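Chemist: Just so you know, the sequences run in chain order A and U.
Numbering of the first sequence is given in this note's numbering, commencing with residue 858 and proceeding in unit increments.
Numbering of the second sequence is given in this note's numbering, commencing with residue 858 and proceeding in unit increments.
2 protein chains.
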Amino acid sequence: MRLAARPVGEVRPEDWEHATAPAEEPGEGRFAGRTRFISLDPAMRGWLDDRPSYLPPVGLGEVMRAGSVVEVTTSNHPDYRPGDHVVGTFGVQEHVVSDGKGALKIDVGLAPASTYLGALGMPGMTAYFGLLDVGALKEGETVVVSGAAGAVGSIVGQIAKVKGCRVVGIAGGAEKCALLTDELGFDAAIDYRAGDVKRALREQTPDGIDVYFDNVGGEILDAALTRLAMRARVVICGAISQYNNETPVSGPSNYLSLLVRRARMEGFVVFDYAKRYAEAAQEIAGWIGDGRLKVKEHVVKGTVDDFPETLQMLFRGENVGKLVLELS
Amino acid sequence: MRLAARPVGEVRPEDWEHATAPAEEPGEGRFAGRTRFISLDPAMRGWLDDRPSYLPPVGLGEVMRAGSVVEVTTSNHPDYRPGDHVVGTFGVQEHVVSDGKGALKIDVGLAPASTYLGALGMPGMTAYFGLLDVGALKEGETVVVSGAAGAVGSIVGQIAKVKGCRVVGIAGGAEKCALLTDELGFDAAIDYRAGDVKRALREQTPDGIDVYFDNVGGEILDAALTRLAMRARVVICGAISQYNNETPVSGPSNYLSLLVRRARMEGFVVFDYAKRYAEAAQEIAGWIGDGRLKVKEHVVKGTVDDFPETLQMLFRGENVGKLVLELS
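#1: Between Leu860 of chain A and Val915 of chain A, which are expected to be in contact by the criterion C-beta below 8 Å, what is the C-beta distance as a whole number of angstroms?
#2: Out of curiosity, what's the CA-to-CA distance linking Ile1145 of chain U and Ile1093 of chain A?
#3: State yes or no: is the C-beta of Ala889 of chain U within less than 8 Å of the C-beta of Val954 of chain U?
#4: For the stretch 1110 to 1130 of chain U, list every residue whose C-beta sits within 9 Å of some C-beta in chain A, in sequence order.
#5: In the stretch 1101 to 1146 of chain U, which residue ranges form an unbroken alpha helix (DSSP H) of at least 4 residues, counting only runs that do not cross its ends?
#6: Name the chain U residues that come within less than 9 Å of Ala1089 of chain A, Cβ to Cβ?
#7: Can you tell which of U:Ala862, U:Arg1023, U:Leu912 has the C-alpha that lies nearest to the C-alpha of Val1002 of chain U?
#8: Going along the chain, which unbroken runs of the alpha helix (DSSP H) with 4 or more residues stay wholly within the stretch 969 to 1046 of chain U?
#9: Examine chain A for any beta-carbon lying closer than 8 Å to the beta-carbon of Val927 of chain U, and answer yes or no.
#10: Contact defined as beta carbons within less than 8 Å: I believe Gln1015 of chain A pairs with Gly1042 of chain A. What is the distance between those atoms, to the nearest angstrom?
#11: Consider the Cβ of Ser1107 of chain U: report whether some Cβ of chain A lies at a distance smaller than 8 Å.
#12: At a cut-off of 7 Å, is Val1013 of chain U close to the ligand COA when judged by its beta-carbon and the heavy atoms of the ligand?
#13: Leaving out five residues on either side along the sequence, give the residues of the same chain with a beta carbon under 6 Å from the beta carbon of Tyr1069 of chain A.
#14: Report the three-state DSSP secondary structure of Ile1093 of chain U (helix, strand or coil).
#15: Any chance the stretch 919 to 926 of chain A sits against the stretch 937 to 950 of chain A, with 3 or more Cβ pairs inside 8 Å?
#16: Report yes or no: is there a C-beta of chain U within less than 8 Å of the C-beta of Ala1096 of chain A?
#17: Give a yes or no on whether the C-beta atoms belonging to His934 of chain U and Ala970 of chain U are separated by under 8 Å.
#18: Quick check: the Cα distance between Ala1005 of chain U and Val1126 of chain U, rounded to an integer number of angstroms?
#19: For Ser1003 of chain A, return the contacting residues in chain U, with the cut-off set at a CB-CB distance below 9 Å.
#20: With 7 Å as the limit, tell me which residues of the stretch 907 to 926 of chain A have their beta carbon closer than that to any beta carbon of chain U; keep them in chain order.
#21: If we call anything under 8 Å between Cβ atoms a contact, is Gly1075 of chain A one with Ser1110 of chain A?
#22: Have a look at Gly1052 of chain A and Leu977 of chain A and give me their C-alpha separation to the nearest angstrom.
#23: Please list the partners that Ile963 of chain U has in chain A, where partner means a Cβ-to-Cβ separation under 9 Å.
#24: So is Ile1093 of chain A in contact with chain U if we call contact Cβ pairs under 8 Å?
#25: Measuring CB to CB, does Asn1101 of chain U end up less than 8 Å from Phe1172 of chain U?
#26: Below 8 Å, can you find three or more Cβ-Cβ pairs linking the stretch 956 to 966 of chain A to the stretch 986 to 994 of chain A?
#27: Which residue marks the beginning of the alpha helix (DSSP H) containing Arg891 of chain A, and which one marks its end?
#28: Looking only at its chain, what residues have a beta carbon closer than 7 Å to the beta carbon of Lys1055 of chain A, apart from the 5 residues adjacent to it on each side?
#29: From which residue to which residue does the beta strand (DSSP E) around Asp1067 of chain U run?
#30: Skipping 5 residues on each side, what residues in its chain have a beta carbon closer than 8 Å to that of Gly1178 of chain A?
#31: Leu1078 of chain U: which of A:Gly1159, A:Arg938, A:Gly957, A:Tyr1112 sits nearest, CA to CA?
#32: Spatial neighbours of His952 of chain U within its chain, please: CB distance less than 8 Å, with the 5 preceding and 5 following residues excluded, ordered by chain position.
#33: Under the DSSP definition of a beta bridge, which residues are partnered with Arg1173 of chain A?
#34: Taking the C-alpha atoms as reference points, what is the distance between Lys958 of chain A and Arg887 of chain A?
#35: Between U:Ile1097, U:Leu917, U:Arg1119, U:Ala1135, which lies nearest to Gly1029 of chain U when the distance is taken from Cα to Cα?
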C-alpha cells in the first residue's frame, strides 16, 4: 500500500494506491517473507504530513511505513531460516525482502506473534519508558491516563497498578470504561463522551494528579492540567484528538498551572530508549506471565487493501487495545 | 492603597481606593517605619483575581500586597533600630508597623535600597533559580529570554552570559533592544513589535534553543517552541501577555514540539527557593561588584496614589529594568 497523496484532515481512500509487483527473490545476505500482522498506530497520521518531525515523512509513492511481523519463507541470510518470525518496520506490504537490518527475531512459542507489536513491542515500550522514566512514577502516586483503552494507555494503567498507584483511565464509551475497571484493574474510569471530564477528575483524584500520561491532547489535556498535584509530571506521548485537524493544534490554555503547581510537561520518543528495550520487554513479559498485565488486542483480519479503513478505526476510537491487521 | 473591586481585564483606577488611617504606634516587639520603595511586579495582576493560585488573592478592602523597602522610624523590637532599612512584603502603604516576621534587614551601604527589590530581591532570585535550577543551564548553550528588558529578563540574560552561553533577548521596541546588546552584553535582540519573531529566532538561533525562559506567553512562547533544540528546557516564569485577558489564556499550540524535540516545559515559584536566597544573593552581588551584571532600574517618584498608574506601565511595556515606586 503506497501513499498516493498527502491527506488534508482525515485520511481518504484516494490518498492510497495499491501497487502490485512480482515477489522479489532474496539475493545473498537477504531473506524473503510474508507479512502476518501489521501494526496500526496513531503516530502514522503524523508520518503522512510533509513537515519536520522525529522521523522523515513517508514519501509520495512510497510503501507506507508500518511495524509488522513477517514469517520468513526463503533465506540467503545465515541468521534467518524459513519458518522464523521477525518483527521490524517492514511497511504495509504482503511480501517482504530484507537484509535483516532493524529486524528482530521473535519467539512465537513464548507469546503470540501479534503481542510483539503490542505489549512486547512499541506500545509496551512507550508505556514503560514514558511512565517510569519520563513520568518518574513513584509508589502510591495518582496516575491519570487518557486513551486508556488503547494500545499504550491500557499498558500504562496496568504498569501503574503494578507499581502500587491509584489509576484513573479516561476513555470513550461505557464499554471501554467497564473494561478498564472490571478487567484491567483500574481504580476508576471516566467516559469523556458521557459528561464533564473536569468534574469527574475532581471526584476521582481527591489528592490531585501526580502523573498525567497524555495520548489525546485537546480538551482532555486541558482538563487534566486543572487537577495537577504539586510537582506533577505531564507526559506528552501523543495527541490523537489533534492529528486530523485542518486548523492549528489547540494548545493547552491551562498550561500556567505548570507554574502554580511547580509541574513539568515533557515529551519523548520511544526510539531513544532502544538500548533498554530488552530490559523493558523482559519485565513486561514477567507481568504478563504472572497475570498482572493483561494483553488487549483488536485483530482485524483482511488484506493490505483493508489497511486504510482499519487505520481510520483508531481516529474514530473503534479499537480496544492494540489494533493489528492480520493478513490472511 | 486598598483593592476596591476585582478588575476585569485591565485594572482601572476605580478598582482601588486610598484609605487614610492615623499612623499606629508600635507595641512591644514591633517596629514602625516609613516606606521608601515599593516594588511593582507582573505577578500582582494574578493576585487580584479570585481564583486559586500559589498565593491567596488579595481580599477586597485589603491593603494591596507588595514587596517594599521600609526605613525604621520607631522600634520596640530588640533587633531593629531607627534608621535600619528592611525589605519585606509590607504592602502598598506609607506607614508600616511590623513584628519583623518575614522582614529582612538590608545594608544600604553595600547596594542602593531599591536593588533589594530587583537584582538582589525577588526578580534576581527568580532569574537565578529559574535559569540555573529549573532551566538546568549548561555552558555553551543557547538561551532565549522574553521580556528581556524587564526586571527578571535582564538578569536572566546577563547570568547566562556569565555562564558562557549565547543569549538572545526578545523585547518590545528598538530602544530596549539596543539596551540589551549595547549595554547588557546580549548576543542578539529581537524586537517583537518590528516583525516576524519566528523568522528572527530562526536567524539568531542556528543551533536551536536549549533554554527558553518565558515571561510573556502567547505568540512569543509559540514562536520559541518551533525552535527548540533536542532536550530543550522551557522555563515558565510568567505570561504577562495573558494577564489582562478577558478571554481564556491562549495555550501554546506548538506544544507538540516538546515531543518531537524530547523537551520539557516546567513552571516554578521562586518562594520554594527561600532557603537558598542568601547563596544566590551573594553570587549575584559578586557579579554586580565585578561589573559582569548591570542593574537596570526604572524609578518612578511619587506617592502611594501613583501606584495604580505605575502598575499599568508594566502591562504597557513602558519600563526598562526593575520598576519601583519611590515614595517622596
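Just so it is clear, CB atoms sit at the ideal spot from N, CA and C, and this is done for glycine as well.
From a predicted model like this one, the values you see are computed outputs, not experimental measurements.
Modeler: This is what the structure gives:
#1: About 5 Å separates the CB atoms of Leu860 of chain A and Val915 of chain A; that is less than 8 Å, so the two are in contact.
#2: Linking Ile1145 of chain U to Ile1093 of chain A through their CA atoms gives a straight-line distance of about 40 Å.
#3: Result yes, Cβ atoms of Ala889 of chain U and Val954 of chain U sit closer than 8 Å.
#4: Of all residues in the stretch 1110 to 1130 of chain U, those with a C-beta nearer than 9 Å to a C-beta of chain A are Ser1110, Asn1111, Tyr1112, Leu1113, Ser1114, Leu1115, Leu1116, Val1117, Arg1118, Arg1119, Ala1120, Arg1121, Met1122, Glu1123, Gly1124, Phe1125, Val1126, Asp1129, reading in chain order.
#5: Listed in chain order, they are 1114 to 1117, 1134 to 1146.
#6: Within chain U, no residue comes near Ala1089 of chain A; the closest Cβ sits about 10 Å away, beyond 9 Å.
#7: Ranking the options by Cα distance to Val1002 of chain U, first place goes to U:Arg1023.
#8: Restricted to the stretch 969 to 1046 of chain U, the alpha helix (DSSP H) segments that are unbroken, complete and at least 4 residues in length are 979 to 986, 1008 to 1019, 1031 to 1035, listed in chain order.
#9: No, Val927 of chain U does not count as interfacial toward chain A.
#10: Taking 8 Å as the upper bound for CB-CB distance, Gln1015 of chain A and Gly1042 of chain A are in contact here, some 7 Å apart.
#11: Under the Cβ distance rule, Ser1107 of chain U counts among the residues neighbouring chain A, one pair being separated by less than 8 Å.
#12: The ligand content of the structure shown is nil, which means the ligand COA is not present either.
#13: Counting only Cβ-Cβ distances below 6 Å, and skipping sequence neighbours, we find Val1001, Ala1081, Val1091.
#14: Three-state DSSP puts Ile1093 of chain U in a strand.
#15: Inter-segment contact for the stretch 919 to 926 of chain A and the stretch 937 to 950 of chain A is present: three or more beta-carbon pairs are separated by less than 8 Å.
#16: Flagged as an interface residue toward chain U: Ala1096 of chain A, by a C-beta distance shorter than 8 Å.
#17: It is not a contact, given that the beta carbons lie outside the stated cut-off.
#18: Roughly 19 Å between the two C-alpha positions.
#19: Scanning chain U for C-beta atoms nearer than 9 Å to the C-beta of Ser1003 of chain A yields nothing, as the closest lies near 14 Å away.
#20: Taking 7 Å as the Cβ-Cβ cut-off against chain U, the residues of the stretch 907 to 926 of chain A that qualify are Ser910, Tyr911.
#21: No, they are not a contact pair.
#22: Between Gly1052 of chain A and Leu977 of chain A, the C-alpha separation is close to 34 Å.
#23: Near Ile963 of chain U there are no residues of chain A at all, since even the closest Cβ is about 28 Å away, more than 9 Å.
#24: Flagged as an interface residue toward chain U: Ile1093 of chain A, by a C-beta distance shorter than 8 Å.
#25: Here Asn1101 of chain U is near Phe1172 of chain U, since their CB atoms are less than 8 Å apart.
#26: With a cut-off of 8 Å, the stretch 986 to 994 of chain A and the stretch 956 to 966 of chain A do not count as touching, because too few Cβ pairs lie within range.
#27: Per DSSP, Arg891 of chain A is not a residue of any alpha helix (DSSP H); the beta strand (DSSP E) it occupies stretches across 888 to 896.
#28: Result list for Lys1055 of chain A: Ala1080, Thr1083, in chain order.
#29: In this chain, the beta strand (DSSP E) harbouring Asp1067 of chain U covers 1066 to 1071.
#30: Gly975, Ala1006, Gly1007, Ala1008, Ser1011, Val1152, Lys1153, Glu1154, His1155, listed in sequence order.
#31: Nearest C-alpha to Leu1078 of chain U: A:Tyr1112.
#32: Cβ within range, chain order: Ala880, Glu881, Ala889, Gly890, Arg891, Thr892.
#33: In DSSP, Arg1173 of chain A forms no bridge with anything.
#34: Cα-Cα distance, rounded: 10 Å.
#35: Relative to the Cα of Gly1029 of chain U, the nearest Cα in the group U:Ile1097, U:Leu917, U:Arg1119, U:Ala1135 belongs to U:Ile1097.
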